[in-house]
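Below is one structure, written out as structure tokens; the observations come after it.
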Amino acid sequence: MDIKQLRYFISVAKHLNFTKAAQEHFMTQPALSQQIADLERHLGVKLFIRNRHSVFLTPAADELLPEAKYLVSKSDEFIQLANQVQSGMAGCLTIGVLGLSERSFLPSLILTYRSKYPHIKISLQLLSMGALDKALEAQNVDVGFTLIEKPAPSFLNWKTLKKDTLCVVSRNDNPLTESNYISFSDLTKETVFFQDRLTSPRGFNNLTRVCSNRGFTPNVNLAPNWGTVLMSVESGMGISILPRLIPNTYGSPNLQLSGLEGNDTQVEFVIAWNLANSNPAISLFLNELEKN
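Residue numbers (the working numbering): 2 to 293.
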């Protein structure tokens, strides 16, 4: 038994005429009769009583007809859903965020996206930069809002949303705040808070590289996340070197941001995705982001 045979059964029941039912399906009447006979044989019940002038449904057909219509309807829904998934109109989209400036645009973007593609289920994950990299690589996250410095991971593609630069973050009563731009030689006596390599390997390596390029070996104190880094700085325990976006999001009036000398301090805030990820919902999301 297949769905086509159920469609034939429904058509004959509707018309009570094999010739008209065959015409509806663009087939010959003998071919339709054979399909109905095969269906009856498979089900083990007689569906129609035929004489020279009339066709009647058997009691068994009366019982089975509603179920046949239900199964055909579900089959149509299944095919429609499959087509939507293939085109990106249905499915799932997992978005990873760092908890930075995404909240200024992401909620409205998701609202627009969901209104256009109501059959795509969206989930959000707040992750550290290291965890987001791993999730993108494993395709557990489809798109991620993250920070990129060069060289970037080879498996990623991205679109730049905002260009940023590293800065020195200090408490506003620190003598460093007297200068708008700071040389690394001014930091030799400072404790410098970095996010640890486990939670932000790219960020840690980039800061280490920037310091090394200037022959500067910082007195590093590691912290598990940006919040701890900035709270430590705000508490007067040291300074940090971060993209401006991070302390700006933290938003404390007790912190001062000072520029760093050099042309290797650029960072980009991006939306990134895995080049190997074939989820069609990604391109639909990127298109909406472009319009936003």
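For every residue, glycine included, the Cβ atom is placed at its ideal position computed from N, Cα and C. Please read all numbers here as calculations on a predicted model, not as lab measurements.
Q. In chain order, which continuous runs of the beta strand (DSSP E) of length 3 or greater are located wholly inside the region 4–55?
A. Complete beta strand (DSSP E) runs here, min 3: 49–51.
Q: Answer yes or no: do A83 and F10 have a C-beta to C-beta separation smaller than 8 Å?
A: Cβ distance not < 8 Å, so A83 and F10 don't count as in contact.
Q) Hey, out of F27, T59, S55, T29, whose CA is closest to E41's CA? A) Selected option, being the one with the closest Cα: T59.
Q) Who pairs with V98 in a beta bridge, going by DSSP? A) Answer is L127.
Q: Confirm, please, whether the CB-CB distance from E291 to G239 is below 8 Å.
A: Taking 8 Å as the cut-off, the Cβ atoms of G239 and E291 do not count as close.
**Q.** Outcome for Y114 when other beta-carbon atoms lying within 10 angstroms are tallied against a minimum of 16
**A.** Classification of Y114: buried, given that the 10 Å Cβ count is 16 or more.
Q | Start-to-end residues for the alpha helix (DSSP H) that takes in P244 | A | Counting along the chain, no alpha helix (DSSP H) covers P244; the unbroken beta strand (DSSP E) around it starts and ends at 240–244.
Q. Which of the three DSSP states, helix, strand or coil, is assigned to D197?
A. D197: coil per DSSP, three-state reduction.
**Q.** Alpha-carbon to alpha-carbon, H16 and A62
**A.** A direct Cα-to-Cα measurement between A62 and H16 gives close to 14 Å.
Q: May I ask you to report which of helix, strand or coil DSSP gives A136?
A: Looking at A136 - three-state DSSP - the assignment turns out to be helix.
Q) Does the Cβ of Y182 have 16 or more other Cβ atoms within 10 Å, making it buried, or fewer, making it exposed? A) With fewer than 16 other Cβ atoms within 10 Å, it is exposed.
Q: Return the chain-ordered ranges of every beta strand (DSSP E) run that is complete within the region 198–233 and spans a minimum of 3 residues.
A: Within the region 198–233, the complete beta strand (DSSP E) runs of at least 3 residues are 220–224.
Q: Answer yes if the region 115–123 comes into contact with the region 251–269, meaning at least three C-beta pairs across the two stretches below 8 Å, and no otherwise.
A: The region 251–269 is not in contact with the region 115–123.
(Q) So the candidates are S213, R8, G263; which of them puts its Cα closest to the Cα of T166? (A) The residue with the shortest Cα to Cα distance from T166 is G263.
Q: Return the chain-ordered list of same chain residues with a C-beta closer than 6 Å to the C-beta of G131, the five sequence neighbours on each side being excluded.
A: These residues qualify, in order along the chain: T200, S201, P202.
**Q.** H54 versus P67, Q36, T229, F19, residue with shortest Cα-Cα distance
**A.** Check the Cα spacing between H54 and each of P67, Q36, T229, F19: the tightest is with F19.
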